[in-house]
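Report on one structure; see the data block that follows.
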Amino acid sequence: MSLERRAQGLPLSGGMALGRVCLFDDHRHQEVPAYAIEPSRIDDEILRLEEALQITTRQLEDIRTHVHERMGTAEAGIFSAQKMIVEDPQISREMREHIRAELSNAEHAIHRVLDAYESRLGALDDEYIRERASDVGEIRRRLLNNLANTVPGLSCAGRCRRGRNRVVVAEELTPSLTISMNTDEVLAFVTERGGINSHAAILARALGIPAVSGIRNIHSSVACGTDILVNGDTGEVIISPAPETLAACSCAIGRARRAEAMDPVPQLKVLANITLCGEAGEACEMRAEGIGLYRTEFEFISSGEILREEEQCARYTSVVEAMNGRVTTFRMLDAGGDKPLPELRIPQEENPALGLRGSRLLLRYPDLFRDQARAIARASQAGPVRVMFPMVVDVQQFCRLRDAFKEYAADIRTGTVEFGVMFEVPSAAIQADEIFREAEFASVGTNDLTQYLFAVDRDNALVADDYSSDHPVFWALMRTLASAARKKNRPLSVCGELAGMPDMVKKLMACGIRSVSCSPRAIPLIRKAVTE
Ligand code: PEP
Ligand code: MG
30 MSLERRAQGL PLSGGMALGR VCLFDDHRHQ EVPAYAIEPS RIDDEILRLE
80 EALQITTRQL EDIRTHVHER MGTAEAGIFS AQKMIVEDPQ ISREMREHIR
130 AELSNAEHAI HRVLDAYESR LGALDDEYIR ERASDVGEIR RRLLNNLANT
180 VPGLSCAGRC RRGRNRVVVA EELTPSLTIS MNTDEVLAFV TERGGINSHA
230 AILARALGIP AVSGIRNIHS SVACGTDILV NGDTGEVIIS PAPETLAACS
280 CAIGRARRAE AMDPVPQLKV LANITLCGEA GEACEMRAEG IGLYRTEFEF
330 ISSGEILREE EQCARYTSVV EAMNGRVTTF RMLDAGGDKP LPELRIPQEE
380 NPALGLRGSR LLLRYPDLFR DQARAIARAS QAGPVRVMFP MVVDVQQFCR
430 LRDAFKEYAA DIRTGTVEFG VMFEVPSAAI QADEIFREAE FASVGTNDLT
480 QYLFAVDRDN ALVADDYSSD HPVFWALMRT LASAARKKNR PLSVCGELAG
530 MPDMVKKLMA CGIRSVSCSP RAIPLIRKAV TE
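The sequence shown begins at 30 in the working numbering and counts up by one.
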């Protein structure tokens, strides 16, 4: 009897994949692999454990110092306490003993020992100590992440190791989860939640990984290792596919292929969106005419820490150098909302989409702002730079941001630096004429602009049918923005996902748009669409 089950979801990123399920969630890798090791590998496994403990201790010390300098002793104390747990000789002894006695892998030992520790803390009367129990989850996540990067001393062929050659199945993919995976080795993503313009979907498309969301209860109803067929073009997911099903679609299996690079076209300037500095190379391969959107917050999310000026400067400079005279548009840290930076320890918000995020967050954390401003100012010595502020609400806020940036970087001899806004919030779009009096350029973030214009969550698969930019109100707004830019002779680009859709690009051009920025993979498709 065939066990095949079919489910229809929302297609997020094209291509078809066949693989085995790997269950993920935000707090822990569900299948923290529990496997027996050979007695001869005990020392190797203990070595892995110790390496992960050391790396984690170093990271926590760095964060502690940084937080101490920037925020104060009380906030830094949280990280001192976490570090003490990691350094606790009893805890590490228990982990080593677990490996020896149970012949278990290091991941499992960490899991077991920290679970027991968390329960012990949670049962205590002292409220302060009980609260520390929640830190244990963070410590476990950090340790397991660091462990995943250590060379395992044993062959894990056939086992689930953080998504390697697997279809990652999650309730929801957060940006931090997506970016922490080695996506070279992920075959596909399947989630219960997540809209077409969620950041995970954007990343999946940029990487050419098939992805489907909106498959209800999949995370709790399949086991790790189950065969799964994912069709990112139609949104169909087939669990335990029957041999006939596999035979019927075997030739279609594979990642969406990358189109051949194409030379720039005179009708439309096409720049690249990147998330990490390493992607500048692909942007150049695809002959991008510059970087139109560097989502700098992903550098922070991927490293799991607040990057300081020096670390940021190295990454940013590498991008500006790679672009070799073509402009690099840095989007200032757009954290908060759907891209939380846990290291900032922002209090829980009822409605983060309308909360402490984007430029509002930058203004609230001047040290964070200062470090990034200085790093970008220094990177501008290597080539032309644009500084773009996210989620700007009006011209006054833009001026405050620009002036603060200049003040923070006042002692740095910069190259060419221009300041602009991202039109993502309707109030700023309505004020376009005034904004173009001050801003030297702008770019339309259609993902958020659509979300806030129509009050429809970009992340929510349930309202995916209502999430569309292709609406008369949206196009009227685009025409208004293009005309405001033309009147002041300011460059205007579009950098939301719409800019990478070949069937939308002519509509954008009809509104007067002459520049777009999209994922490097989409660049040739867009150029082809405008020349057809
Ligand atoms: C946008 O909102 O359109 C945008 C490009 O920014 P992000 O998708 O990173 O929010
Ligand atoms: Mg946005």
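Glycine included, every Cβ here is placed at the ideal spot set by N, Cα and C.
I'd like to confirm something about residue i: is its beta-carbon nearer than 7 Å to some heavy atom of ligand 4, or not?
i: Arg550; result: As for ligand 4, it is missing from this structure, which binds only ligand 1 and ligand 2.
If we ignore side chains and look at the alpha-carbon of each, how far apart do residue i and residue j end up?
i: Arg35; j: Glu265; result: 7 Å
i: Val294; j: Ser331; result: 34 Å
i: Gly237; j: Phe108; result: 37 Å
i: Arg93; j: Asn211; result: 27 Å
i: His97; j: Glu90; result: 10 Å
i: Val559; j: Arg316; result: 16 Å
i: Phe53; j: Val251; result: 12 Å
i: Leu391; j: Ala351; result: 27 Å
i: Arg393; j: Ile282; result: 48 Å
i: Leu172; j: Pro118; result: 16 Å
i: Gly112; j: Asp396; result: A small fix is needed here, since residue 112 is Lys in this sequence, not Gly. C-alpha separation (whole angstroms): 24 Å.
i: Ile225; j: Glu339; result: 35 Å
i: Ala493; j: Leu39; result: 8 Å
i: Gln88; j: Cys342; result: 19 Å
i: Asp164; j: Ala105; result: 13 Å
i: Asp495; j: Gly333; result: 34 Å
i: Leu554; j: Pro531; result: 6 Å
i: Ser184; j: Gly101; result: Annotation note: pLDDT 27 at Ser184 (below 50); position unreliable, coordinate value reported separately. Distance between the alpha carbons of Ser184 and Gly101: 45 Å.
i: Leu5; j: Glu214; result: The requested residue 5 is not part of the displayed model; the chain covers only 30 to 561.
i: Ala288; j: Ile71; result: 47 Å
i: Lys298; j: Asp432; result: 29 Å
i: Ser148; j: Arg122; result: 18 Å
i: Ile75; j: Ala152; result: 30 Å
i: Cys280; j: Glu33; result: 19 Å
Between residue i and ligand 1, is the CB less than 7 Å from at least one heavy atom?
i: Thr325; result: no
i: Gly525; result: yes
i: Ile158; result: no
i: Ile231; result: yes
i: Leu89; result: no
Any heavy atom of ligand 2 inside 7 Å of the beta-carbon of residue i?
i: Arg474; result: Sequence inspection shows Gly at residue 474; the Arg mentioned does not correspond to that position. Result yes, Cβ under 7 Å from ligand 2.
i: Asp477; result: yes
i: Pro413; result: no
i: Pro419; result: yes
i: Asp367; result: no
i: Asp363; result: yes
i: Glu453; result: yes
Can the beta-carbon of residue i be found closer than 8 Å to that of residue j?
i: Arg170; j: Glu200; result: no
i: Val450; j: Ala471; result: yes
i: Val197; j: Cys51; result: yes
i: Pro239; j: Gly44; result: yes
i: Glu308; j: Arg355; result: no
i: Asn476; j: Gly525; result: yes
i: Ala514; j: Leu521; result: yes
i: Glu372; j: Ile335; result: yes
i: Arg161; j: Leu150; result: yes
i: Leu47; j: Ala138; result: no
i: Val349; j: Thr357; result: yes
i: Val454; j: Val421; result: yes
i: Ala230; j: Ser42; result: yes
Please tell me whether residue i has its Cβ less than 8 Å away from any Cβ of chain D.
i: Arg287; result: In summary, chain D is missing from the structure at hand, where a single protein chain is found.
Notebook entry, point to check: Is there contact between the region 370-385 and the region 457-476, where contact requires at least three CB pairs shorter than 8 Å?
Noted result: no
Item checked: Touch test, the region 346-363 against the region 311-328, Cβ-Cβ under 8 Å, three pairs minimum -> yes
Next item on the list: Please confirm if the region 435-442 is in contact with the region 390-407, defined as three or more CB-CB distances below 8 Å between the two stretches.
Entry: yes
Notebook entry, point to check: Would the region 303-321 and the region 535-549 be scored as touching if the rule is three or more Cβ pairs under 8 Å?
Noted result: yes
Margin query: Would you call the region 504-524 in contact with the region 248-262, where contact means no fewer than 3 C-beta pairs closer than 8 Å?
Written below: no
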